[in-house]
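Below: one structure, written as structure tokens.
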Amino acid sequence: MRMYGAGMLRVALMYVSSRAVAEEVVQEAWVGVLRGIGRFEGRSSLKTWLYRIVANTAKTRGLREARSVPFSALGDETGDEPAADADRFLGSGERFPGHWSVPPQSWAPEGQLLGQETLEMVAREIDRLPPAQRAVITMRDIQGFTSEEVCNSLDLSETNQRVLLHRARAKVRSALEEYMR
Numbered sequence: 012m013r014m015y016g017a018g019m020l021r022v023a024l025m026y027v028s029s030r031a032v033a034e035e036v037v038q039e040a041w042v043g044v045l046r047g048i049g050r051f052e053g054r055s056s057l058k059t060w061l062y063r064i065v066a067n068t069a070k071t072r073g074l075r076e077a078r079s080v081p082f083s084a085l086g087d088e089t090g091d092e093p094a095a096d097a098d099r100f101l102g103s104g105e106r107f108p109g110h111w112s113v114p115p116q117s118w119a120p121e122g123q124l125l126g127q128e129t130l131e132m133v134a135r136e137i138d139r140l141p142p143a144q145r146a147v148i149t150m151r152d153i154q155g156f157t158s159e160e161v162c163n164s165l166d167l168s169e170t171n172q173r174v175l176l177h178r179a180r181a182k183v184r185s186a187l188e189e190y191m192r
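Numbered according to this note's numbering, the sequence shown terminates at residue 192, and the numbering increases by one at each position without gaps.
Written as structure tokens, this is what we have:
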């Protein structure tokens, strides 16, 4: 429990409305693990299996809570919008089409990137992402899951996981660039 508890709580928080409910979800998941450990077939790692149980329990609980979200808060997860402005890249008539028209500005010293304020800004931007993007970027970049583990835990295809991760990273990167100017 010490090894996976905090990560399981973060996964649960992606689907339910409060920390208290997320803690209940994790507790329910552990009960489910104890009841179902005999059925664990080892087709995935124990970690992936645990996180899959938490994700499924949290999804069910979130639906049961009938949590409402205003339409304005819903992002377009199909992503008709580009991940980055096209103006930032050279056009087809240029010598190096598709390359940066102006390289991204180098950011301030390492201390600024590591500052608490910057970390809080990145966390806020991740919280603003659509749920699926938030789940994928949290599991991959914060918790260190492999893409296979994320796909198994969230029941995503490899392609969908890659697209969600790319869009999430692009949105956070764009916000970070704005912040660093």
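Note that CB positions come from ideal geometry on N, CA and C, so glycine has one too. None of these values were measured; they are calculated from a predicted model.
Residue i versus the options, residue with shortest Cα-Cα distance
i	options	result
V22	G49, L140, T68, L74	T68
F156	R46, R63, L74	R63
P141	S29, G109, L176, A17	L176
Inter-residue CB distance, residue i and residue j (contact presumed, cutoff 8 Å)
i	j	result
A146	L165	6 Å
S55	N171	Not quite, the Cβ-Cβ distance comes to about 18 Å (not below 8 Å), so this is no contact.
K58	E160	7 Å
Contact under 8 Å by Cβ, residue i with residue j
i	j	result
V65	V42	no
L20	A33	yes
Q154	R178	no
M132	Y190	yes
Rounded straight-line distance, which links the Cα of residue j to that of residue i
i	j	result
T129	E188	11 Å
L85	L45	Low per-residue confidence applies at L85: pLDDT is 49, beneath 50, and the placement is therefore not dependable enough to give any value.
D98	S112	8 Å
E136	S185	10 Å
G47	M14	19 Å
S28	G104	50 Å
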